[in-house]
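Numbering (our numbering), first residue to last: 1 to 467. All residues carry an ideal CB built from backbone N, CA and C; glycine is no exception. Remarks on the structure that follows.
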């Protein structure tokens, strides 16, 4: 974890400025310049260590040695001591967390309005229940807070009121964590304020703070984690699902819950369309299930990426221009995302897949385009019987096999569509990008090991994970 955080600190300062695709596309943040003299020493306080608060010393250590060219011997000695203290704090806090919160289990509920999942947890004292959208493409947990000038209507209540909670703590804008928040800056009261904007114009504006989070466990117990960094939103867009209370960011950024809890997480989902399936789950920390196929995982601009090497429909390997998989840099990789429902493919990949699908279906059904989706009149359960599985081939022999329930969706009672779109519909800048969305991950346990840089996926009934 230390090496990963150092890399994050020195090379990925703008962890939330990457391109997102559907519901949660953060706009580019302002660049940050951080100097060692601005380090908030409160991060190293004995109080924070005693409470198991993440110290973020690894990233701070990078700053200590990043600005030494004009330093005196005294300056260097002081900064070296700070780095050593940070390291000590880190080791102590991690031991405490590994002992206390080895397995954080959270139940997932399918959204009533769109194919996404809501994370169930509680916050504050007294505890207030929350249902936040699971999003692996953003790095901030935020919830709606009272008073709220413009918030979504929520039936899960009451809305969290920080003035009532005994465990709520504000964060000064002088705290170095503020610089990692989306567009983090000071307000007139010297609080750290953030502004997270998404592609559909649904913003979240509020203050960065700390609070106690209460998670479930497989044995129906609970785990309380103190001083978790989150966004207390006092203004955000109108989300369709009235159970919605916020966004649970699982990205790799410094402010992410994942980074605060350890270096592993996994989620397992069944049929997105089945509201009665009760075994959908998210696991944080060492209890995450790391089994199944594995493929190298990289973090680029705060997003999780893997190398897509090919696509098959049944036994037919699609003929795709080899240059599509030989691009250099971040464009050659596919983003794995839980906050996007459909899968988005690079232009050459999509055209090859659509061509093969139409070759199989056009002789029986009439195709047409509906909001840039390839659609047919009919029913998935009747007209796609015998349709071959689609396989996404990733580096090191890892295959993600997608069946008809994950490859197509019933748009209306008499129309079904392919749950894959061409990314370039958003513009030519997107023609080389691919995103594996949540629908393609149905019936899988997907696990992320950020220390070993591995992504695992195992096709399994999530109920079996509780045994």
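**Study point:** Residue nearest to residue 111 in terms of C-alpha spacing, selected from 126, 180, 241
**Key:** One-based indexing of the chain shown puts residue 111 at position 111. Among 126, 180, 241, the Cα nearest to that of residue 111 is on 241.
Check your understanding: What is the rounded straight-line gap between the Cα of residue 309 and the Cα of residue 321?
Key -> Start at 1 with the first residue of the chain shown, and residue 309 comes out as number 309. Start at 1 with the first residue of the chain shown, and residue 321 comes out as number 321. Cα-Cα distance, rounded: 11 Å.
Check your understanding: Are residue 117 and residue 213 touching if we call contact CB-CB under 8 Å?
Key -> As a first step, residue 117 must be located in the chain shown, where it is residue number 117. As a first step, residue 213 must be located in the chain shown, where it is residue number 213. Not a contact, by the Cβ cut-off of 8 Å.
Point to revise | Boundaries of the alpha helix (DSSP H) in which residue 283 is found, first to last residue | key: On the chain shown, residue 283 is found 283 positions in, with the first residue counted as 1. Looking at the DSSP string, residue 283 is not in any alpha helix (DSSP H); the run it does join, the beta strand (DSSP E), is 281-284.
Practice item. Mind listing, in chain order, the continuous beta strand (DSSP E) runs of no fewer than 3 residues lying wholly within the region 373-427? Key: 373-377, 390-394, 398-402, 408-412, 415-418, 420-422
Practice item. Pick helix, strand or coil for residue 238, following the three-state DSSP scheme. Key: As a working mapping, residue 238 is identified with position 238 in the chain shown. It is coil, neither helix nor strand.
Review point. If you draw a straight line from the C-alpha of residue 221 to the C-alpha of residue 282, how long is it?
Key: Counting from 1 along the chain shown, the entry for residue 221 is found at position 221. Counting from 1 along the chain shown, the entry for residue 282 is found at position 282. Rounded to whole angstroms, residue 221 to residue 282 spans 15 Å at the Cα level.
Check your understanding: Taking C-beta to C-beta, are residue 264 and residue 448 nearer than 8 Å?
Key -> The residue labelled residue 264 in the question sits at position 264 within the chain shown. The residue labelled residue 448 in the question sits at position 448 within the chain shown. In this structure, residue 448 lies closer than 8 Å to residue 264 by Cβ.
Check your understanding: Start and end of the beta strand (DSSP E) containing residue 306?
Key -> As a position in the chain shown, residue 306 is number 306, starting the count at 1. Counting along the chain, the beta strand (DSSP E) containing residue 306 begins and ends at 303-313.
Review point. Of the residues 424, 455, 119, 441, which one's Cα is nearest the Cα of residue 433?
Key: On the chain shown, residue 433 is found 433 positions in, with the first residue counted as 1. Looking at the Cα atoms, 424 is the closest of the given residues.
Practice item. With residue 527 as the anchor, note down where its beta strand (DSSP E) starts and where it stops. Key: Residue 527 falls outside the range modelled here, since the chain spans only 1 to 467, and no answer is possible.
Exercise for review: Return the first residue and the last residue of the beta strand (DSSP E) that residue 352 is part of.
Suggested key: Taking the first residue of the chain shown as 1, we reach residue 352 at position 352. It is not in any beta strand (DSSP E) - residue 352 instead sits in the alpha helix (DSSP H) that spans 347-361.
Review point. Do residue 295 and residue 394 have their C-beta atoms closer together than 8 Å?
Key: Taking the chain shown and counting its residues from 1, the one referred to as residue 295 is at position 295. Taking the chain shown and counting its residues from 1, the one referred to as residue 394 is at position 394. Against a cut-off of 8 Å, the Cβ pair of residue 394 and residue 295 comes out as a contact.
Review point. Distance, Cα to Cα, residue 427 vs residue 346?
Key: In the chain shown, residue 427 corresponds to position 427, counting from 1. In the chain shown, residue 346 corresponds to position 346, counting from 1. Answer to the nearest angstrom: the Cα atoms are 12 Å apart.
Exercise for review: Closer than 7 Å by C-beta to residue 113: which residues in its own chain qualify, once you throw out the five before and the five after it? Chain order, please.
Suggested key: Stepping through the chain shown from its first residue, residue 113 is reached at position 113. If we look at residue 113 and ignore the five residues flanking it on each side, its Cβ neighbours are 240, 241.
Review point. Using DSSP with H/G/I as helix, E/B as strand and the rest coil, what is residue 440?
Key: For the purposes of this step, residue 440 is identified with residue 440 of the chain shown, where counting begins at 1. Note: residue 440 maps to helix in three-state DSSP.
Practice item. Answer with buried or exposed for residue 273, where buried requires no fewer than 16 other C-beta atoms within 10 angstroms of its C-beta. Key: Reading the chain shown from its first residue, position 273 is the one you call residue 273. The residue is exposed, with fewer than 16 neighbouring Cβ atoms inside 10 Å.
Practice item. State the Cα-Cα distance for the pair residue 314 and residue 382, rounded to the nearest angstrom. Key: Taking the first residue of the chain shown as 1, we reach residue 314 at position 314. Taking the first residue of the chain shown as 1, we reach residue 382 at position 382. Between residue 314 and residue 382, the C-alpha separation is close to 19 Å.
**Study point:** Among 406, 197, 269, 415, the one whose alpha carbon lies nearest that of residue 464
**Key:** Sequence index remark: in the chain shown, residue 464 carries index 464 (1-based). Selected option, being the one with the closest Cα: 269.
Point to revise | Contact check, residue 248 vs residue 132, beta carbons under 8 Å | key: Your numbering for residue 248 matches position 248 in the chain shown. Your numbering for residue 132 matches position 132 in the chain shown. Yes, the pair counts as a contact, with Cβ atoms nearer than the cut-off.
Review point. How many angstroms separate the CA atom of residue 451 from the CA atom of residue 227?
Key: Counting from 1 along the chain shown, the entry for residue 451 is found at position 451. Counting from 1 along the chain shown, the entry for residue 227 is found at position 227. Each residue's alpha carbon lies about 23 Å from the other.
Point to revise | Proximity below 8 Å, CB of residue 233 to CB of residue 144 | key: Translated into the one-based positions of the chain shown, residue 233 becomes position 233. Translated into the one-based positions of the chain shown, residue 144 becomes position 144. Contact flag set, yes.
Review point. Who are the Cβ neighbours of residue 343 in its own chain at under 6 Å, not counting the five residues just before and after it?
Key: By one-based count along the chain shown, residue 343 stands at place 343. So the qualifying residues of the chain are 420, 436, 437, 440.
Check your understanding: Is the beta carbon of residue 171 less than 8 Å from the beta carbon of residue 148?
Key -> As a first step, residue 171 is located in the chain shown; it is residue number 171 there, counting from the start. As a first step, residue 148 is located in the chain shown; it is residue number 148 there, counting from the start. No, Cβ-Cβ distance for residue 171 and residue 148 is not below 8 Å.
**Study point:** Alpha-carbon spacing of residue 455 relative to residue 207, whole angstroms
**Key:** Residue mapping note: residue 455 aligns to position 455 of the chain shown, counting from 1. Residue mapping note: residue 207 aligns to position 207 of the chain shown, counting from 1. Rounded to the nearest angstrom, the two C-alpha atoms are 33 Å apart.
Practice item. Could you spell out where the alpha helix (DSSP H) holding residue 259 opens and where it closes? Key: Here residue 259 corresponds to residue number 259 of the chain shown, with the count starting at 1. Start and end: 257-261.
Check your understanding: From this set, 402, 367, 164, which residue's C-alpha is nearest residue 444's C-alpha?
Key -> As a working note, residue 444 is residue 444 in the chain shown. It is 402.
Check your understanding: Under a Cβ-count criterion, where at least 16 other Cβ atoms within 10 Å of its own Cβ denotes burial, should residue 359 be classed as buried or exposed?
Key -> Within the chain shown, the letter at position 359 stands for residue 359. With fewer than 16 other Cβ atoms within 10 Å, it is exposed.
Review point. Residue 181 lies in the beta strand (DSSP E); which residues open and close that run?
Key: Along the chain shown, read from residue 1 onward, the residue named residue 181 stands at position 181. Residue 181 -> no beta strand (DSSP E), and no H or E assigned at all.
Point to revise | Per-residue DSSP class, three states only, for residue 110 | key: Numbered from its first residue, the chain shown carries residue 110 at position 110. Looking at residue 110 - three-state DSSP - the assignment turns out to be strand.
Check your understanding: Over what stretch of residues does the beta strand (DSSP E) that includes residue 531 continue unbroken?
Key -> There is simply no residue 531 to check, as the chain begins at 1 and stops at 467 in what is shown.
Review point. Starting from residue 210 and walking both ways along the beta strand (DSSP E), at which residues does that stretch end?
Key: Along the chain shown, one-based indexing puts residue 210 at 210. Residues 204-216.
Review point. Relative to the alpha-carbon of residue 211, which residue among 203, 184, 194, 167 has its alpha-carbon at the smallest distance?
Key: By one-based count along the chain shown, residue 211 stands at place 211. The candidate whose alpha carbon is nearest that of residue 211 is 167.
Point to revise | Whole-angstrom distance between residue 387 and residue 288, CA atom to CA atom | key: In the chain shown, the residue the question calls residue 288 occupies position 288. In the chain shown, the residue the question calls residue 387 occupies position 387. Rounded to the nearest angstrom, the two C-alpha atoms are 33 Å apart.
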